[in-house]
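Participant: Below is one structure. I have some questions about it.
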Amino acid sequence: MQHGIIIINKGRGLTSHQVVANLRRMVKQAAIGHTGTLDPEATGVLVVGLGEATRSFSFLEESIKIYDAEVILGCSTDTQDATGKIIQEQPDTFVCLADLQNAISELTGTISQLPPMFSAVKVHGRKLYDLARQGLEVERNPRIINISSWKLLTSKSSYGFRDSFLVRITCSKGTYVRTLIHDLGAKLGVGAHMGSLVRIQSGNFNLDDALTLEQVQEQLDDGTLAQHLIPLHKALGHLDTLQPSDEDLKKVRHGGKLSFQKYGCEAPPGTLVKVLSPSLQVLAVLELADAGEYLYWQPVKVFNYL
178 MQHGIIIINK
188 GRGLTSHQVV
198 ANLRRMVKQA
208 AIGHTGTLDP
218 EATGVLVVGL
228 GEATRSFSFL
238 EESIKIYDAE
248 VILGCSTDTQ
258 DATGKIIQEQ
268 PDTFVCLADL
278 QNAISELTGT
288 ISQLPPMFSA
298 VKVHGRKLYD
308 LARQGLEVER
318 NPRIINISSW
328 KLLTSKSSYG
338 FRDSFLVRIT
348 CSKGTYVRTL
358 IHDLGAKLGV
368 GAHMGSLVRI
378 QSGNFNLDDA
388 LTLEQVQEQL
398 DDGTLAQHLI
408 PLHKALGHLD
418 TLQPSDEDLK
428 KVRHGGKLSF
438 QKYGCEAPPG
448 TLVKVLSPSL
458 QVLAVLELAD
468 AGEYLYWQPV
478 KVFNYL
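Numbering (the working numbering), first residue to last: 178 to 483.
Written as structure tokens, this is what we have:
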């Protein structure tokens, strides 16, 4: 079985689940999964784990996302993207660059965002898109997100009906870019929806390092796929490393806790560290726990490579 992270450049028209299903067939192993779902029409970075790496997803550093998105002005859709039904048009749309920049500034920083009805968010156990397809709209709780920056990749002095431009958005995990663009159109008073969407970066994982499914097949054919897998110790490189003695390594493998007094560091309770074997395999992720009178390292995930 192969273990590690692979960055896939997802093609348009495929669901994230279909990408994983294709990889399971190609690699001939069942233990494959993905983080950070991309909509079918979106392309770009999809982080995929093989083998034990599928159990590392909650520890990966993916808090920052970067997207290149197409904004189409003067037209709103029910899905907030180009796949939806047009619900409002404004043929007399006119937006000058200064007004666009002002609206963008109002949607920068820490803001509240209402999840779209066409999303996989669950309300009372039901996915919103199932309700939306029945013509229903239900109350949703807003989310707090952070928009670090907008960068206009294409721009001109003014925009009219159905004019489009490209923007690079750096945002927090959980941001709906199409909703952000919908809200931009609302602030401009002309409506807007998202055209194309490309995820350029997810945490430390970049599109420049991504492989298409066709390229993965080529690597499998010539036996070089393993060279393109990111080993777990690199994928978890943001976590400090604890290197216990051989005796304590055995203890960790069986879920035993370690003394903070013996393996102490300047860290608050809740700090996570990784434990490496001599061959650099990540054996476990430990959390610094507070027992009141003393601190100790508690395994929260133990990896088992077969």
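A virtual CB, placed ideally from N, CA and C, is assigned to each residue, including glycine. As the structure is a computational prediction, the values presented were derived from the model and not from experiment.
#1: Would the beta-carbon of residue 244 fall within 8 Å of that of residue 343?
#2: When you compare the stretch 370-385 with the stretch 274-289, are there three or more beta-carbon pairs, one atom per stretch, that lie closer than 8 Å?
#3: Is the number of C-beta pairs between the stretch 209-220 and the stretch 411-422 that are closer than 8 Å three or more?
#4: Taking CB distances under 8 Å as the criterion, tell me whether residue 285 reaches chain D.
#5: Between which residues of its own chain and residue 347 is the CB-CB distance below 7 Å, once the five residues before and five after are set aside?
#6: What residue from 338, 390, 261 has the CA that sits closest to residue 186's CA?
#7: I'd like to confirm the pairing. Which residues does DSSP put opposite residue 187 in its beta bridges?
#8: Does DSSP put residue 247 in a helix, in a strand, or in coil?
#9: Does the stretch 352-365 come into contact with the stretch 220-240, if we say contact requires no fewer than three beta-carbon pairs (one atom in each stretch) closer than 8 Å?
#10: Find the nearest neighbour of residue 213 within the set 436, 272, 350, 472, judged by alpha-carbon distance.
#11: For residue 378 and residue 470, I'd like the C-alpha separation in whole angstroms.
#12: Would residue 230 be called buried (16 or more neighbouring beta carbons within 10 Å of its own) or exposed?
#13: Alpha carbons only, please: which of 369, 228, 208, 224 is nearest the one belonging to residue 256?
#14: Near residue 457, which residues of its chain fall below 8 Å by C-beta distance, leaving aside the five closest residues on each side in sequence?
#15: Hey, out of 300, 258, 431, whose CA is closest to residue 462's CA?
#16: Since residue 282 is in the alpha helix (DSSP H), which residue starts that stretch and which ends it?
#17: Extract the residue ranges of the alpha helix (DSSP H) inside the stretch 304-331, only unbroken runs of 4 or more that lie entirely within it.
#18: In angstroms, rounded to a whole number, what distance separates the CA positions of residue 357 and residue 303?
#19: Could you round the C-beta distance between residue 338 and residue 251 to whole angstroms and report it? I think they count as a contact, below 8 Å.
#20: Excluding the 5 residues preceding and the 5 following residue 192 in the sequence, name in chain order all residues of the same chain whose CB lies nearer than 7 Å to its CB.
#21: From this set, 480, 182, 443, which residue's C-alpha is nearest residue 460's C-alpha?
#22: Output the distance between the C-alpha atoms of residue 330 and residue 269, rounded to the nearest integer angstrom.
#23: Count the other CB atoms, across all protein chains shown, that sit within 10 Å of the CB of residue 293; report buried if there are 16 or more and exposed otherwise.
#24: Excluding the 5 residues flanking residue 306 on each side, which residues of the same chain have their C-beta closer than 8 Å to its C-beta?
#25: What's the C-alpha gap between residue 465 and residue 429?
Facilitator: With the given structure in hand:
#1: no
#2: no
#3: no
#4: This model lacks chain D altogether, as it is built from one protein chain only.
#5: 241, 243, 325, 326
#6: 390
#7: 221
#8: strand
#9: no
#10: 350
#11: 43 Å
#12: buried
#13: 369
#14: 408, 410
#15: 431
#16: 274-283
#17: 305-310
#18: 23 Å
#19: 4 Å
#20: 217
#21: 480
#22: 25 Å
#23: buried
#24: 294, 295, 296, 297
#25: 14 Å
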